[in-house]
Amino acid sequence: MAYVIPVFILLMVFMHIIKEDKLVKESRLQKSIHKLYAVSEPLILKTLNKMISSNFIRNTRVGRGILKAIAKMLWFLPHGVVVDYEGVENLIRWIEKQGDTHIAIGPCVCKKALGVKEEPYVTDMTIFYGAEIYKEIEPEEYRYLSADEALKLLKEFEKSGLIHEIYACCNSGKWTFVICNCDPRYCVPTKAYLLIREGVYPGPKKAVVDADKCKGLDECGKCMEICPFNAIENRDGKSYVNDNCMGCGLCIERCPSNARRLVWRKGYKSKIIPIKIMYPDFFKS
110 MAYVIPVFIL LMVFMHIIKE DKLVKESRLQ KSIHKLYAVS EPLILKTLNK MISSNFIRNT
170 RVGRGILKAI AKMLWFLPHG VVVDYEGVEN LIRWIEKQGD THIAIGPCVC KKALGVKEEP
230 YVTDMTIFYG AEIYKEIEPE EYRYLSADEA LKLLKEFEKS GLIHEIYACC NSGKWTFVIC
290 NCDPRYCVPT KAYLLIREGV YPGPKKAVVD ADKCKGLDEC GKCMEICPFN AIENRDGKSY
350 VNDNCMGCGL CIERCPSNAR RLVWRKGYKS KIIPIKIMYP DFFKS
């Protein structure tokens, strides 16, 4: 794993796959370097999971501080943005229109690294040059998808309680390579985020509640059950969304009273996701 850090510093120098909302061919060197990361990814995730599972890291301020410092130094490794179904739907349809790129699906690399076989297991949806890389490295594990197949699976993943997270290297949307559909019990970056608030970023939306429609947490509480980010509070018997909301939309899917909706975050900016492609209405708000 020693070669990963210098390799990713080099990664910043070369061509990008998305530039100004247009598809640009990646360089051979970029593709080769990312292959090195892809091969190392299970080991990196397994190592990180051991760190965040240790009592010292989890239960002491010093331990969490050390992990936070390490995370900041490894800023060039993949970071994610939580998004809702609308965002991934628009991105998949945009990819479909390009005609010269792929979508592929394979096993959740976190579950694979941790030796977990629990279903749904095949949930990592690689895109752009990521689809070609992972298909080439693990041809038996990955298969190409049509846009319609991808969207059907994404909706099924959402109904299963998985979080859509888009990952890119070097904190840049120019290096977007995968839509992860994350189980917060096993997703290593999500578990690290919940511990130190690093590595995963909120999306451009957040949930709000219509208190008049909400049945209350005592009578219902489905939103609190499904929320992976501890964003639901009880205020006067009603559900209230606090600042922990990442905008995944899982609570919207679960609410039987239609008391919840997603709204735009004011002043939202992201270096990772292509907002103009994923959320064209954002700039009309």
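Numbering (the working numbering), first residue to last: 110 to 394. In this text, a Cβ means the ideal position worked out from N, Cα and C, and glycines have one as well.
Cα-Cα separation, residue i to residue j
i	j	result
Thr299	Leu138	30 Å
Glu150	Leu157	11 Å
Gly270	Asn339	15 Å
Val148	Pro389	35 Å
Lys268	Glu362	7 Å
Lys385	Phe392	8 Å
Val317	Gly174	32 Å
Thr232	Asp321	37 Å
Phe123	Ala213	Annotation note: pLDDT 39 at Phe123 (below 50); position unreliable, coordinate value reported separately. Going from the Cα of Phe123 to the Cα of Ala213 covers about 24 Å.
His211	Glu342	41 Å
Leu326	Val372	22 Å
Met387	Lys283	14 Å
Gly169	Ser162	Here the sequence assigns Thr to residue 169, which means Gly is not the residue at that position. Using only the alpha carbons, I get a separation of about 12 Å.
Asn290	Leu176	24 Å
Anticipated Cβ contact below 8 Å, residue i with residue j, distance rounded
i	j	result
Leu83	Val287	Nothing in the structure corresponds to residue 83, since the chain is present only between 110 and 394.
Val309	His143	Contact flag wrong, Cβ pair sits at about 20 Å.
Cys278	Leu186	7 Å
Reference residue i, options the options, closest by Cα
i	options	result
Cys332	Lys314, Val309, Asn367	Asn367
Lys375	Lys283, Gly356, Lys314	Lys314
Asn351	Glu362, Cys364, Ile384, Cys336	Cys336
Asn280	Pro383, Lys206, Asn168, Met160	Pro383
Arg306	Lys261, Asn164, Lys324, Val190	Val190
Glu258	Gly196, Lys322, Met234, Val309	Met234
Cys395	Gly346, Tyr302, Ile381	Outside the displayed range of the chain (110 to 394) lies residue 395, so it cannot be described from this structure.
Residue i, buried or exposed, once every other Cβ within 10 Å from all chains shown has been counted against 16
i	result
Ala178	exposed
Phe237	buried
Beta-bridge pairing of residue i - partner residues as DSSP gives them
i	result
Ala316	Leu371
Asp233	Gly215
Ile166	Answer is none; Ile166 lacks a bridge partner.
Asn199	DSSP, once it has assigned bridges, lists no residue as partnering Asn199.
Val190	Ile275, Tyr310
Arg341	Rather than Arg, the amino acid found at residue 341 in this sequence is Ile. Val350.
Cys288	Correcting the residue type first, residue 288 is Ile in the shown sequence and not Cys. Answer by DSSP bridge pairing, in chain order: Met234, Ile275.
Cβ-heavy atom distance, residue i to the ligand FMN, below 6 Å
i	result
Val231	Absence of the ligand FMN from the depicted structure is noted, as is the absence of any ligand whatsoever, leaving it without description.
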